[in-house]
Ligand SMILES: Cc1ncc(C[n+]2csc(CCOP(=O)(O)OP(=O)(O)O)c2C)c(N)n1
């Protein structure tokens, strides 16, 4: 069925302004700040992949290409808001103040890294697909019952929208009109499965119609547009008008995780239509006359130094104790798991 969800943009693929943002986000200082934040995420990601390849980090989830979707949305929140990430949003979290050390510890198998930013209300990354959506709807409902002015944002991929938990979360959010922003990063693939094989709908935005929920389809590589629609959705939710679904159309440039090779399931030309979000912002800054090579080089140098310091600190940690896998799931471990834990430790159970 043909649907009417045009892609919302403020800047086109050549980095030209096509409309003004209503929050001043296309002005000089803010635009340059977005660049800094996105570069912080990008450089971290590349270094983390190197570390993994050197055997110094466990399996890692890269996000190159999705920085605008993450930074544009996370910066639209207020301090009191709740954040439910999947396993791919550490880029946006780092860009907006999460500790690099925590993220490295998490991917190195240390549970202590599960909460990357103590200053914000961030839940641990959800590895089981879509499970965070009903949880986030529940937290948003709690905020509503307690009459708090908090909004919850929940992140998930395109594949997650084929899960029952997505539909249950959407339904619950809609029935109880909770202050929830459902933020979908449509990056084209669920591991090796392209979106065309995974769903028959033309867009993800249209899935909101069934729940009588407003939705928008935004260019996820246009940081200004993502900021705009998320700000509007957050205001909508905070003012008691209920949930909203955002589909941010983007492209995962690299592998799903460091454990797969996208060359096995993607053609080289796929994704060519997407202009990298950092390059696009660079084009915008140049057109506005705000680009400064020295400034960009300083950002790069300082971020790389910060990453090095974080790696040094994390590598001083003792190896993680893998037997904690058995902890924090049950208050009292069932006897079968108790036995497995014992065996695991007897066999030298360390990661
Ligand atoms: C409930 C559940 N089923 C299967 C998996 C295995 N799995 C891990 S990632 C993934 C694909 C998810 O794709 P998508 O929702 O599009 O998010 P993306 O990884 O592209 O960000 C799958 C099926 C899982 N983690 N949880």
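Numbering (the UniProt record's numbering), first residue to last: 1 to 351. For glycine and all other residues, C-beta sits at the position ideal for the given N, C-alpha and C. Because the structure is a prediction, the values reported are computed rather than measured.
Between residue 142 and residue 117, the gap from beta carbon to beta carbon reaches 9 Å or more. Apart from sequence neighbours up to five positions away, the residues of its chain that approach residue 290 with a beta-carbon distance below 6 Å are 28, ordered along the chain. Excluding sequence positions up to five before and after residue 121, its CB lies within less than 6 Å of the CB of 82, all in the same chain and listed in chain order.
Relative to ligand 1, residue 320 has its C-beta separated by 8 Å or more from all heavy atoms. Taking one beta carbon from each stretch, the region 86-95 and the region 35-46 have 3 or more pairs nearer than 8 Å; the two touch.
Contact residues of ligand 1 (beta-carbon closer than 7 Å to any heavy atom; chain order) are 86, 88, 127, 128, 129, 130, 131, 156, 157, 158, 159, 160, 163, 185, 187, 189, 190, 191, 252 and 256.
Annotation for residue 3: 202, 203 and 206 place their beta carbon closer than 7 Å to its own, counting only its chain and skipping 5 residues before and after. Inter-residue distance for residue 304 and residue 48 is about 11 Å (C-alpha atoms, whole angstroms).
Straight through space, the alpha carbons of residue 70 and residue 217 are spaced by roughly 15 Å. The DSSP-derived three-state label of residue 134 is helix.
Residue 182 and residue 346 have their alpha carbons spaced roughly 44 Å apart. Approximately 6 Å separates the beta-carbon atoms of residue 66 and residue 187; this is inside 8 Å, confirming the contact. Spatial neighbours of residue 275 in its own chain (CB-CB distance under 6 Å, excluding positions within 5 residues in sequence) are listed in chain order as 13. Under the three-state reduction of DSSP output, residue 326 falls in the helix class. Within a 10 Å sphere around the beta-carbon of residue 59 sit fewer than 16 other beta-carbons, which makes this residue exposed. Residue 221 and residue 335 have their C-alpha atoms some 50 Å from each other.
Distance between residue 326 and residue 292, taken at the CA atoms: about 51 Å. Checking the DSSP bridge columns, you'll see residue 181 partnered with 153 and 244. Per DSSP, residue 84 is one residue of the beta strand (DSSP E) stretching across 82-84. Around the beta-carbon of residue 248, 16 or more other beta-carbon atoms lie within 10 Å, marking it buried. Residue 11 carries a strand assignment under DSSP once its states are collapsed to helix, strand and coil. Counting only residues of its own chain and dropping the five nearest sequence neighbours on each side, residue 171 has a CB closer than 8 Å to the CB of 211. Between residue 158 and residue 184, the gap from beta carbon to beta carbon is short of 9 Å. Inclusion of residue 179 and residue 140 in the CB contact set at 9 Å is warranted, their separation being smaller than that value. Taking residue 62 as reference, the option from 282, 256, 324 and 26 with the minimal CA-CA separation is 256. If you draw a 10 Å sphere on the C-beta of residue 174, you find 16 or more other C-beta atoms in it, and that means buried.
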